[in-house]
């Protein structure tokens, strides 16, 4: 019989599109004794997690909790609770994750009215207005930090126009929550979801979500049941938010411990200070990258503080460079997704990894790997 | 600003319906350095996890991997990949989780043809045959270990008749995998799913699933896309099983480390020895329970080795007894679900918790708690 050895993962510095490295305090939280998902102690943990999630989202929304799945489970939850057969949704697509939203809308029997931005750019408010005017959209879905292009999408004006047309605003904050300015209530976001493994610095496996009362009213008055039982927010809220905690599914206890600890770290640092730290370190990284002769892929007016997309110079092997970084420096960065495969690299400075040290280290390591590949600056 | 303290969970012995306590080796695996979901090291971990899952399921099915969600996510994956609008499914209901399957079938636009068993009993083969004869069922869905009633459902004959009618057999093995005899290939199960936190002794958050080639052919030839993007097995298999690993979602790395370690423990002990251990300790528990004057709820021909359902004596407060166990002994057991709330207790001996010591301890603690509540044996 085959013998399976001990796990011996390498100690990587994760400077890609996520997951990011996990804070030691969060790791420790995961190893604490588990209790049952209906234990009174866990009930307190849940309440505190919800409170701190509201802080992170800058919201007073009662319906705020983590979905028991990864970021894409958050995306599907947001969409499938709102969309019923025949509903129209304006889906803003500025990259890979916008495409995913559009696919999900259609799988829910909805019609996706697509508004496209140039890759590396943002979706213009006027284009959204046009789409709203020419459709009967129930919602507008948009990605805040498009991880695939490094764009941070402005949301205030799009929110205003969305509400003028009586639609709900659904926002993907997978890569922005806890790292980039995000004001759910002030900006009028109706549904916002994220993931645990990016700027929150927790392991992947949970997708925090928050839903406005306005959106909940629409969800509660659906003609049909939500097509997904697992992602049915009206059932999950009875477990996460009601004092008698009606069992829905078994929460992944150690991941909730981890999320609570990750949120506690955020709470201790302060949300605004955290945003500033991510922004400053991203800027330092961008300066370094440009100094070594590389160019930024993203429209520089809309740089996302959590992730930086860099053009791969001609005649340089995408995967070879990443392999050098991984094998010689134990650093991982990400390549491009979909249409951008082989065209860009993506360097993420998220959570505990957003430091001046890592900004410099990423630049220097990339410079060395490029040298090895025969790339020299001003050729 | 509110201050959130350190997590200080109590050290409970989890003898309820799951989660079970986690083996220290599994806990340790969760704290190892994480790598990216596309890292070559993680790729090896995935391959070994798949191999050991095949061992646990007793199957050669290529399509075998963990879904990134809890047991109910496994249930939804099994159902939504098979069922299209208008499809009929015979759903066998012997308790709470059969009801859940029926709900899910309907949310997929399918028609659920329900076959009911008395609570505490099993579904009879003849009733399934009747339902198959009177419908045009694409599949039969059935729970192997019905956690809500303590029943272990025989499957061989039902499998035979299901295939005679050309239908697929979908089996819920949430509470049985790794603790009760389960032979996926030999019994002709087409789709079988489970959960990580029961007899596998891992944290909750993953749902192992295995799908026969016969079922995959039907899934690949659907008229419509699977309604769930997150649970679309044909996409997930490209990430979990193909060597170029096409990104689908970010796997919950530490949970996969944990599952691999839990499976390694199973592999070291041996599947058959593990089944025997669970069976013997359950029998010891049942003897003890009867000795203190309580009666077993479940039809004794079909006792599940992982969980034992006990009738609550008249005039005894369900929640008061459980509170005594929790507060004075740090032991949790489960109450009844749905129609059985207040009527039964459920004691689980799963994974590392299935020991002679725990069988005795559970009996003695329950006896003491009952005494405190004024219960005496032969009254």
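Residue numbers (our numbering), protein chains in the order written: chain A, 62 to 440; chain B, 62 to 440.
Idealized CB from N, CA, C, for every residue including glycine.
For this session: Using a Cβ-Cβ cut-off of 8 Å, state whether residue 416(B) counts as contacting chain A.
Result: no
Exercise. Would residue 342(A) be called buried (16 or more neighbouring beta carbons within 10 Å of its own) or exposed?
Worked result: buried
Exercise. Looking at chain B, which residues of the region 277 to 290 of chain A have a Cβ within less than 8 Å of any of its Cβ atoms?
Worked result: 286, 287, 288, 289, 290
For this session: Could you name each continuous alpha helix (DSSP H) segment of 4 residues or more that falls completely within the region 307 to 393 of chain A, going from the start of the chain to the end?
Result: 314 to 330, 332 to 352, 379 to 390
Exercise. Do the CB positions of residue 119(B) and residue 232(B) come within less than 8 Å of each other?
Worked result: no
For this session: Return the CA-CA distance between residue 440(A) and residue 424(A), expressed in angstroms with no decimal places.
Result: Any reading at residue 440(A) is ruled out, since the residue's pLDDT is 44, under 50, leaving its predicted position unreliable.
Exercise. Since residue 254(A) sits in a beta bridge, which residues does DSSP pair it with?
Worked result: 233(A), 270(A)
Exercise. Roughly how many angstroms lie between the CA atoms of residue 66(A) and residue 193(B), to the nearest whole one?
Worked result: 47 Å
Problem set entry | Local Cβ density within 10 Å of residue 156(A), reported as buried at 16 or more and exposed below that | buried
Exercise. Given that a residue counts as buried once 16 or more other Cβ atoms are within 10 Å of its Cβ, and exposed if not, what is residue 400(A)?
Worked result: exposed
Exercise. Listed in chain order, which residues of the region 202 to 221 of chain B have Cβ atoms closer than 7 Å to some Cβ of chain A?
Worked result: none
Problem set entry | Contact with chain A by residue 435(B), beta-carbon distance below 8 Å | no
Exercise. Can you tell me whether residue 184(A) is buried or exposed, with buried defined as 16 or more other CB within 10 angstroms of its CB?
Worked result: buried
Exercise. If you count every other CB in all the chains shown that lies within 10 Å of the CB of residue 432(A), and 16 or more means buried, which is it?
Worked result: exposed
Exercise. Between the Cα of residue 174(A) and the Cα atoms of 160(A), 181(A), 180(A), which residue gives the shortest distance?
Worked result: 160(A)
Exercise. Roughly how many whole angstroms lie between the Cα atoms of residue 149(A) and residue 289(B)?
Worked result: 18 Å
Problem set entry | residue 80(A) - containing beta strand (DSSP E), residue span | Counting along the chain, residue 80(A) falls outside any beta strand (DSSP E), and DSSP gives it neither H nor E.
Exercise. DSSP three-state call for residue 71(B): helix, strand or coil?
Worked result: coil
Exercise. In chain B, which residues lie less than 7 Å from residue 97(A) when you measure between Cβ atoms?
Worked result: 75, 77, 80, 393
Exercise. Which residues, in order along the region 126 to 152 of chain A, keep a beta-carbon less than 7 Å from a beta-carbon of chain B?
Worked result: 129, 130, 131, 132, 133, 134, 137
Exercise. Where do the ends of the beta strand (DSSP E) carrying residue 177(A) lie?
Worked result: 172 to 177
Exercise. With respect to the alpha helix (DSSP H) encompassing residue 223(B), which residues constitute its N-terminal and C-terminal limits?
Worked result: 217 to 225
Exercise. Can you give the beta carbon distance from residue 165(B) to residue 137(B), rounded, assuming they're within the 8 Å contact cut?
Worked result: 6 Å
Exercise. Can you tell me whether DSSP reads residue 210(B) as helix, strand or coil?
Worked result: coil
Exercise. Looking only at its own chain, which residues have a Cβ that is under 7 Å from the Cβ of residue 312(A), when we skip the five neighbours before and after it?
Worked result: 98, 129
Problem set entry | Span separating the alpha-carbon of residue 222(A) from that of residue 152(A) | 14 Å
Problem set entry | Backbone secondary structure at residue 301(A) - three-state DSSP | helix
Problem set entry | First through last residue of the beta strand (DSSP E) which encompasses residue 409(A) | 405 to 409
For this session: Entirely within the region 113 to 173 of chain B and at least 3 residues each: give me those beta strand (DSSP E) ranges in chain order.
Result: 124 to 128, 149 to 154
Exercise. The beta strand (DSSP E) with residue 199(B) in it runs from where to where?
Worked result: 198 to 204
Exercise. In chain order, what residues of the same chain have a beta carbon less than 7 Å from the beta carbon of residue 95(A), not counting five sequence neighbours either side?
Worked result: 314, 315
Exercise. Would you say residue 168(A) faces chain B, with C-beta separation under 8 Å as the test?
Worked result: yes
For this session: Residues of the region 232 to 260 of chain A with a CB closer than 8 Å to any CB of chain B: list them in chain order, please.
Result: 256, 258
Problem set entry | Residue from 93(B), 75(B), 109(B) with nearest C-alpha to residue 325(B) | 109(B)
For this session: Express the C-alpha separation of residue 107(B) and residue 331(A) in angstroms, rounding to a whole number.
Result: 37 Å
Problem set entry | From 374(A), 383(A), 133(A), 82(A), residue whose alpha carbon lies closest to that of residue 253(A) | 133(A)
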